[in-house]
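Scroll down for the structure; my scribbles are underneath it.
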Amino acid sequence: MDNILRFRDDEAREEPAVTLDSFFDQSNATAVRLEDGDDARQLIPYLNRLAMIEIGFSAFGDGRGYSAARILREHGYTGELRAQGDVLVDQLAYMRRCGFDSFAPERPIDTADAETALSRWEHVYQEAADDRKPIWSKRHG
Amino acid sequence: MYKYDTYDQKMVDTRVEEFRDQVERRIAGKLTEDQFKPLRLMNGLYLQLHAYMLRVAIPYGTLNGTQMRTLAHIARKYDRDYAHFTTRQNIQYNWIKLEETPDLLAELASVEMHAIQTSGNCIRNISSDQYAGAAADEVTDPRPYAELLRQWSSFHPEFSFLPRKFKFAVIASDEDRAAMRLHDIGIQIVKDGWDKVGARFYAGGGMGRTPMIAPLIREFVPIGELVSYAEAILRVYNRYGRRDNKYKARIKILVHEMGAEKFIEEVEAEFVHLQGQNIDAPAAELERIIAHFEDPAYEVGLTEDIDRSDPDFAVWLDQNVSAHKQPGYAIATISLKPIGGIPGDASSAQMDLMADLTEQYSFDECRVTHSQNIVLPYVRKADLYALWQKLDEAGLASPNLDLISDIIACPGLDYCSLANARSIPLAQKIAKRFADIDRQKELGELKLKISGCINACGHHHAGHIGILGVDRKGTENYQLLLGGSGAEDVSLAKITGPGFTEDGIVDAIETVTDIYVASREDGERFVDTYRRLGMDPFKEALYG
């Protein structure tokens with residue numbers, strides 16, 4: 000797929016992601032897809048064997064996927080975390096902070112616009128799922 | 000008051016650049032209106048009936064003279080020479096051009112101001128007690144905690160697409176001047192038995208179509224975990240809040256449907272998990288912020304005497320001046336509710352004057368109240384008369400704080416695209432009917448609040464007397480509510496019965512205040528008499 004933005008060094012694996020329901024039936028699947036309302040916590044026992052988790056955004060205004068992403072990262076998931084669907088350039092920076100490292104937007108995002116959006120914020124105010132230091136941490140060394 | 004460091008300044012400057020880029024992309028057609036809408040909303044820009052409306056944040060309602068003067072300048076340069084102070088302690092401009100907003104925001108940023116998250120489904124500007132730092136009854140100044148939350152909530156990556164808007168209020172006294180329990184999260188800063196500071200959390204309050212008083216969620220959160228506890232609540236809300244119906248999407252519906260007990264269980268579990276995630280800033284950061292809110296350089300040995308020989312001044316003094324924690328000082332409220340005026344509006348010239356007075360008489364600090372007035376929190380008692388004279392000359396000395404003409408009114412159908420009825424002309428009519436100040440004082444504390452639709456921006460549920468404008472078969476109709484309060488005696492007002500015409504509602508208010516005067520016992524306010532007697536005698540007089 001050519002309109003995938005990916006921020007990982009490892010090789011992309013394109014095994015199709017299965018739904019959460021079928022994931023529990025298929026013990027060998029390594030890629031799973033969560034819809035907006037799916038409970039990411041259900042995946043916590045399986046994070047070691049997963050290489051790709053895709054989180055669907057049916058509408059950009061539905062922000063449940065941001066919490067799902069952070070929960071997965073906070074529980075130690077290190078595989079690819081992809082935002083798919085109604086993903087817009089102005090959401091990329093927030094998504095990166097919540098732990099997403101690849102994007103499959105429905106409508107292609109201009110690469111230059113994406114770069115501008117992702118490099119815009121030199122500082123952040125809060126701890127999240129990325130390795131950026133919050134301003135309070137910079138203030139106090 | 001809080002002063003930006005280079006980090007804070009960089010954040011607002013970056014926001015200006017980002018918004019400039021977004022506006023350019025919108026104008027170039029790279030963004031559809033649908034895609035642009037949430038971006039402009041996150042920056043306080045609404046498309047209203049006639050033009051864009053821009054809402055500027057005034058964090059916890061505190062600003063200095065330079066900032067007030069800049070607000071006046073913006074009204075003059077980008078708007079029609081006036082602006083409107085809101086019930087969220089913010090200010091809004093009604094006639095803004097989209098292409099000019101980036102420059103306007105740059106001017107705001109130059110005085111440490113912004114419009115970040117003043118609308119949209121995100122964490123909004125955090126409100127607080129307008130007497131913070133000056134009130135005799137506070138445990139501590141609540142604003143440092145509000146500032147800590149302001150920074151945490153600004154551009155929060157997880158909570159920028161919540162089910163619905165989200166409002167915090169932070170207070171630190173038992174007397175509630177900020178309608179704390181009518182917020183999504185209400186926080187009261189308290190001290191425990193060992194003098195340790197902590198936060199008492201309420202969650203799930205709000206007005207709107209389904210008004211609710213926030214239940215207590217946790218008696219005491221250690222102050223070092225304030226942010227992670229807030230984060231836990233927000234995460235539970237973001238995951239489980241309803242998204243199928245925007246009128247059921249506020250956290251109050253989640254808390255209500257889930258039940259407070261289950262909700263607390265979810266929050267506590269999330270809170271335990273988040274303790275391992277390095278969410279909270281170290282104590283040194285809170286200390287840094289607290290240092291910005293230290294007392295001004297009070298003079299000692301000042302006189303407590305005030306010359307009351309001018310009778311008009313004495314009326315204002317008794318009504319608009321409140322006790323201060325510091326000997327020799329007082330808290331003065333500038334009423335933005337002149338009889339026949341638009342509640343909360345101020346002209347550029349008035350804002351310039353308030354800026355001057357802020358610098359001259361109040362250690363360069365003033366406050367916006369949720370009742371849409373301005374407070375000078377640190378005035379020497381000896382200066383009150385000179386201050387009053389200057390206010391009086393500018394039409395800013397209405398002696399009506401907390402009286403029937405100190406009306407909260409939403410912009411209503413004159414500006415707002417959601418409204419069903421006009422609020423401002425009605426507020427003007429009521430104020431004119433009760434214009435006689437002796438009559439107003441005779442009626443005593445009477446909080447009258449008007450909303451032009453069920454979204455309740457005019458806080459009618461929390462009015463001792465509330466008015467709700469509705470559309471009844473194409474004509475404006477006004478329902479009357481009695482017995483609400485947004486203070487520490489928080490309660491929700493109840494509808495009296497069928498609605499009234501615009502003139503009829505003014506008569507109806509006179510009817511219920513007559514009942515009050517005839518039936519009150521010693522020391523009772525309108526709302527106390529209502530609570531004692533119940534609805535029946537009022538109903539009887541109105542519809543009998």
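Going line by line, the protein sequences match chains G and L. Take 0 as the starting number for the first sequence in numbering that gives the first Met the number 0 and just add one per residue. Take 0 as the starting number for the second sequence in numbering that gives the first Met the number 0 and just add one per residue. All C-beta atoms, glycine included, are put in the ideal place defined by N, C-alpha and C.
Whether residue i touches residue j by CB criterion (9 Å)
i: Thr495(L); j: Lys440(L); result: no
i: Gly55(G); j: Ser159(L); result: no
i: Leu301(L); j: Gly327(L); result: yes
i: Asn454(L); j: Arg208(L); result: yes
i: Phe165(L); j: Ile216(L); result: no
i: Ala420(L); j: Asn476(L); result: yes
i: Gln318(L); j: Asn399(L); result: yes
i: Met0(L); j: Thr69(L); result: no
i: Ser109(L); j: Val169(L); result: no
i: Val31(G); j: Leu4(G); result: no
i: Arg119(G); j: Glu157(L); result: no
i: Leu40(L); j: Leu53(L); result: no
i: Leu445(L); j: Phe499(L); result: no
Chain L contact for residue i (CB, 9 Å cutoff)
i: Met51(G); result: no
i: Ala108(G); result: Per the sequence presented here, residue 108(G) reads as Ile, with Ala not at that position. No, Ile108(G) does not count as interfacial toward chain L.
i: Thr115(G); result: yes
i: Phe59(G); result: yes
i: Gly62(G); result: yes
i: Glu13(G); result: no
i: Asp100(G); result: no
i: Ala111(G); result: no
Buried/exposed call for residue i, threshold 16 Cβ in 10 Å
i: Pro376(L); result: buried
i: Thr5(L); result: exposed
i: His460(L); result: buried
i: Lys137(G); result: exposed
i: Lys2(L); result: exposed
i: Asp405(L); result: buried
i: Phe6(G); result: exposed
i: Trp193(L); result: exposed
i: Glu218(L); result: exposed
i: Asp304(L); result: exposed
i: Gln41(G); result: exposed
i: Ser66(G); result: buried
i: Val299(L); result: exposed
i: Lys76(L); result: exposed
i: Ala16(G); result: buried
i: Asp102(L); result: exposed
i: Asp502(L); result: exposed
i: Gln427(L); result: buried
i: Ile26(L); result: exposed
CB contact below 9 Å: residue i versus chain C
i: Arg32(G); result: Among the protein chains of the structure shown, namely G and L, there is no chain C.
Nearest residue (CA-CA) to residue i, options the options
i: Arg87(L); options: Leu395(L), Ser490(L) and His369(L); result: His369(L)
i: Leu33(G); options: Gln125(G), Asp20(G), Asp24(G) and Asn27(G); result: Asp20(G)
i: Asp20(L); options: Met10(L), Lys9(L), Leu38(L) and Gln8(L); result: Leu38(L)
i: Tyr81(L); options: Leu442(L), Thr528(L) and Ser346(L); result: Ser346(L)
i: Phe312(L); options: Ser397(L), Gly483(L) and Asp12(L); result: Ser397(L)
i: Asp85(G); options: Ala30(G), Trp135(G), Ala111(G) and Gly64(G); result: Gly64(G)
i: Asn2(G); options: Glu121(G), Ala128(G), Glu126(G) and Ala113(G); result: Ala113(G)
i: Asp175(L); options: Gly498(L), Arg530(L) and Val489(L); result: Val489(L)
i: His463(L); options: Leu442(L), Lys472(L) and Arg471(L); result: Leu442(L)
i: Glu269(L); options: Val235(L), Ser172(L), Thr528(L) and Phe292(L); result: Val235(L)
i: Arg379(L); options: Cys456(L), Leu447(L), Cys452(L) and Ala296(L); result: Ala296(L)
i: Glu256(L); options: Phe292(L), Leu273(L), Ala56(L) and Met211(L); result: Met211(L)
i: Ile108(G); options: Leu30(L), Thr474(L), Asp294(L) and Asn124(L); result: Leu30(L)
i: Pro58(L); options: Leu386(L), Ser422(L), Ala540(L) and Arg366(L); result: Arg366(L)
i: Ile132(L); options: Ala229(L), Glu293(L) and Gln359(L); result: The sequence given here has Gly at residue 132(L), not Ile. For the residues Ala229(L), Glu293(L) and Gln359(L), the minimum Cα distance to Gly132(L) belongs to Glu293(L).
i: Gly240(L); options: Leu233(L), Ala229(L), Ile232(L) and Leu253(L); result: Leu253(L)
i: Tyr93(G); options: Asp37(G), Phe23(G) and Glu126(G); result: Glu126(G)
Min CB distance residue i to chain G below 9 Å
i: Leu602(L); result: Here chain L comprises residues numbered 0 to 543, so residue 602(L) is not present and cannot be evaluated.
i: His272(L); result: yes
i: Met10(L); result: yes
i: Phe160(L); result: yes
i: Arg19(L); result: no
contact_flag[the stretch 180–195 of chain L, the stretch 139–155 of chain L] where n(CB pairs < 8 Å) is 3 or more: yes
The stretch 152–171 of chain L in contact with the stretch 109–121 of chain L per 3-pair CB rule at 8 Å: yes
Three or more C-beta pairs below 8 Å linking the stretch 80–95 of chain G and the stretch 175–183 of chain L: no
Segment contact, 8 Å Cβ cut-off, at least three pairs: the stretch 482–494 of chain L with the stretch 507–520 of chain L: no
The stretch 272–283 of chain L touching the stretch 195–215 of chain L, judged by at least three CB pairs closer than 8 Å: no
At least three beta-carbon pairs within less than 8 Å, the stretch 97–104 of chain G to the stretch 241–255 of chain L: no
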